[in-house]
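Worksheet for the structure shown next.
Protein chains in written order, with the numbering used here: chain P, 1 to 420; chain F, 1001 to 1220; chain R, 2001 to 2272.
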């Protein structure tokens, strides 16, 4: 096979590198491989860069100096710190310091008897103390250009104090939203998200699992089942806003008696309720759940089923005793991933009509609601630098939630990984 | 490990069958030499009559070895074990035939009649043959190489004894003590005994082969 | 659903010599004929081995005997397979019942990912077993003793079955099959995934089980077939890729002087 001449045409079997040519050829092949390796690494780096930029922007907006000035000093209202007062005492302070008409309006929005203490406190802070943030600065600015900021504030807002503020704090997580950014919180948005997710999962999980079981274990390979399968796979890729339009037409409008609660005696709402949102999101998440359930069921080794049938079990006994229990960890993981998808959906809920300004927490499925992504959307579309701050803080809340959910899914998947 | 279903168990059965055959053959040889000593034709007839049993045992062993190899596919020492058992069974079968031959000569001497040249030497040679056979079988069943090697010396002695006996018989014919037929018959007996000793030596060689996989020649 | 009732009288050969009979059996996967024209009688309380090269249909025939082929889409059977005289492919016979009476052990040990105790009790429970806890314990012990594994696992009955070694897992699977009290046990290459020592243990077990059960084993290992079985059936794939029965007879005869030259060639390793 080895030839002395390098001309491939001279020998019938062509030319294979020999001698020194071997090293040269290997070197050139390795170089080519290295080039591609660098290309792949660059792609990875670009992705990382994008991610880091995103994180940086968010974190930058979430912390920084603010210049605060107040109308009234809280110490003038009471000699004890306001947090220590009881709800009744706070209500009294409020009544004494705002106009009667304004007080009545607060009561109409949500009766004081039903409000939480934080809500009353927030009203006091908003209307009485008038804690006003007149300027806010980003983190990098705050860290690097401190003297310049101090000088500017002293010049333009002589009465204001400069303090370092973390826009994401405990109050932020528990308070309802407010038109004053520094007093705003995602409290009721978090609750709204939880309610909607609860309804979504309550519907999507059982239907998804049961549908997946039927398609994997009972359905034979006929054209209509293949048609169903194709459709479900396609539905998983449909843009979520279409689900929103569907939800609007069906749940909000056509089924209004049910979703507004009128059929159950609730009179003061319309179809834009948590129930409608939950139903719509359930439809959105259902194809994912079915596909996930099918994958989990398919992952159960056939040998277990054969062993079960071999002992004289019926199909149902095999599914109930072996297939489902062994598929459950996989289904669980998929459920958590579906949940994290659903939490982040904005477009369909906007179409359904999630409220953009709502200050009270939901009590029942027939209430109006808002969710975290919509809150973020709302705040980013308002003018004023401080809304950007709280939007960034809300983004951190959302991202942390998603991270926790995904981490749980991975942990569960690793913990339940069985070798058969 | 399963006591009832293992290669060791089946091999043990094979070995015991060979042991039984060896006993049979030794007994046949002993009885034929007794018949010779006492000129006992009834004993001789019995040996001739029982010879087919020995042949049947050899065939049984053959079938057992075939079955063993089919079932267990032995290799190395185990394979040599069963192959040497097969070979030794063949040697024993021939020895059984030789014992029968001696018995025939006894019967013939009575029928013709003539008197065999019965000397103390002849009977001593018979005993030595019995011993060498017993030794070689014991060495084989115990897979004892050292013991097997000592057989060679005994074989040499038997050869020497035959040499002496041949001279004695020639002398007996020359001096008219023994007839020509008697001499031929007695010579045949000595030759048969020597052949038995050779076969015993072969068995010893099989023992060495089993243990060491080497082919050593012990025959002079 | 008519049950196969052994005490029903003349229709069933309850004391017949043959536990299972195949008559003119052809097995199809869709339009492809995988096995053609198999007729043989399996004698009760004996071990019958199916041997032959890969793809010649031995496993297919084995699976047909307890209707496990039904689980494969598109498979069907022409001909009859009689179990105690009744054709198990009759429309009024429920395969679930067939599989209870004819158990199966698979090539790769497949214990359930549950405790050893639960593995054994699964079969009886789903078949409607009722009894006290003490009776359940007794059932588990008998099954494990029957599979010669009781002494090794009696202290760890509540540990997972998957934690055992390969040979022990296979014996657990045999115990699991014994727990529903079958009459026939089908074994599809039960030792091919095991080491030689476990293999011999299971062969010894088979010889023990033969006293009470009819055993049919598919094996690639011809020494195993010659060591263990009473009867051997040799299968071969024909030119049309359908497996057929070439020769069937006592193992002693098949392995010393088979009638068919193809059998002789296969056993002496000349092809396949």
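C-beta atoms are modelled at their ideal positions from N, C-alpha and C, and glycine is treated no differently.
Whole-angstrom Cβ separation of residue i and residue j, contact assumed at under 8 Å?
i, j, result
"residue 366 (chain P)", "residue 273 (chain P)", "5 Å"
"residue 2062 (chain R)", "residue 2186 (chain R)", "5 Å"
"residue 1082 (chain F)", "residue 1187 (chain F)", "That pair is no contact at about 38 Å."
"residue 296 (chain P)", "residue 354 (chain P)", "Their Cβ separation, rounded to whole angstroms, is 32 Å, which puts residue 296 (chain P) and residue 354 (chain P) out of contact at 8 Å."
"residue 2173 (chain R)", "residue 2111 (chain R)", "6 Å"
"residue 117 (chain P)", "residue 90 (chain P)", "7 Å"
"residue 1114 (chain F)", "residue 1182 (chain F)", "4 Å"
Please state whether DSSP places residue i in a helix, a strand or coil.
i, result
"residue 2023 (chain R)", "strand"
"residue 2262 (chain R)", "helix"
"residue 155 (chain P)", "helix"
"residue 2035 (chain R)", "strand"
"residue 2131 (chain R)", "coil"
"residue 2219 (chain R)", "coil"
"residue 1166 (chain F)", "helix"
"residue 2123 (chain R)", "helix"
"residue 296 (chain P)", "helix"
"residue 2103 (chain R)", "strand"
"residue 2271 (chain R)", "coil"
"residue 354 (chain P)", "coil"
"residue 1132 (chain F)", "helix"
"residue 241 (chain P)", "helix"
Taking the C-alpha atoms as reference points, what is the distance between residue i and residue j?
i, j, result
"residue 196 (chain P)", "residue 121 (chain P)", "27 Å"
"residue 423 (chain P)", "residue 393 (chain P)", "Not covered by the structure: residue 423 (chain P). The range shown for chain P is 1 to 420."
"residue 194 (chain P)", "residue 371 (chain P)", "8 Å"
"residue 2182 (chain R)", "residue 2212 (chain R)", "10 Å"
"residue 2202 (chain R)", "residue 199 (chain P)", "55 Å"
"residue 2127 (chain R)", "residue 2180 (chain R)", "8 Å"
"residue 123 (chain P)", "residue 264 (chain P)", "33 Å"
"residue 53 (chain P)", "residue 137 (chain P)", "18 Å"
"residue 2124 (chain R)", "residue 2139 (chain R)", "9 Å"
"residue 1044 (chain F)", "residue 1177 (chain F)", "25 Å"
"residue 1041 (chain F)", "residue 1062 (chain F)", "33 Å"
"residue 1225 (chain F)", "residue 1145 (chain F)", "Shown here, chain F extends from 1001 to 1220; a query on residue 1225 (chain F) therefore has no answer."
"residue 86 (chain P)", "residue 162 (chain P)", "30 Å"
"residue 1126 (chain F)", "residue 1052 (chain F)", "23 Å"
"residue 1116 (chain F)", "residue 1133 (chain F)", "24 Å"
"residue 2089 (chain R)", "residue 352 (chain P)", "58 Å"
"residue 261 (chain P)", "residue 267 (chain P)", "7 Å"
"residue 1029 (chain F)", "residue 1099 (chain F)", "5 Å"
"residue 2049 (chain R)", "residue 2231 (chain R)", "6 Å"
"residue 1005 (chain F)", "residue 1169 (chain F)", "57 Å"
"residue 221 (chain P)", "residue 2075 (chain R)", "14 Å"
Quickly, what does DSSP pair residue i with across the bridge? List them, please.
i, result
"residue 2041 (chain R)", "R:2021"
"residue 2075 (chain R)", "R:2029"
"residue 2236 (chain R)", "R:2244"
"residue 65 (chain P)", "P:164"
"residue 221 (chain P)", "According to DSSP, residue 221 (chain P) bridges with nothing at all."
"residue 2250 (chain R)", "R:2231"
"residue 2080 (chain R)", "R:2023"
"residue 1144 (chain F)", "Note: residue 1144 (chain F) sits in no beta bridge, so no partner."
"residue 2115 (chain R)", "R:2160"
"residue 2086 (chain R)", "R:2083"
Check your understanding: Is the segment 302–312 of chain P touching the segment 2100–2112 of chain R, taking contact as three or more C-beta pairs under 8 Å?
Key -> yes
Practice item. Would you check if there are 3 or more beta carbon pairs closer than 8 Å linking the segment 2235–2249 of chain R to the segment 2210–2217 of chain R? Key: no
Check your understanding: Any chance the segment 236–249 of chain P sits against the segment 345–364 of chain P, with 3 or more Cβ pairs inside 8 Å?
Key -> yes
Review point. Can we say the segment 389–408 of chain P touches the segment 319–331 of chain P, given the rule of at least three CB pairs closer than 8 Å?
Key: no
Check your understanding: Would you say the segment 274–293 of chain P touches the segment 2145–2158 of chain R, given that touching needs at least three Cβ pairs under 8 Å?
Key -> no
Point to revise | Segment contact flag, the segment 249–267 of chain P with the segment 192–207 of chain P, C-beta cutoff 8 Å, min 3 pairs | key: no
Exercise for review: Determine, using beta-carbon pairs with one atom in the segment 2018–2025 of chain R and one in the segment 2229–2236 of chain R, whether at least three such pairs fall under 8 Å.
Suggested key: no
Check your understanding: Should the segment 1070–1082 of chain F be regarded as contacting the segment 1200–1211 of chain F, the criterion being three or more beta carbon pairs within less than 8 Å?
Key -> yes
Practice item. Please determine if the segment 1152–1162 of chain F and the segment 1082–1094 of chain F are in contact, where contact requires at least 3 C-beta pairs separated by less than 8 Å. Key: no
Check your understanding: How about the segment 2056–2075 of chain R and the segment 2024–2041 of chain R: do they share at least three Cβ pairs that are nearer than 8 Å?
Key -> yes
Practice item. Would you be able to state if there are at least three C-beta pairs under 8 Å between the segment 2080–2100 of chain R and the segment 2132–2148 of chain R? Key: no
Review point. Can we say the segment 24–44 of chain P touches the segment 130–146 of chain P, given the rule of at least three CB pairs closer than 8 Å?
Key: no
Review point. Can at least three beta-carbon pairs, one atom from the segment 66–81 of chain P and one from the segment 168–176 of chain P, be found at a separation below 8 Å?
Key: no
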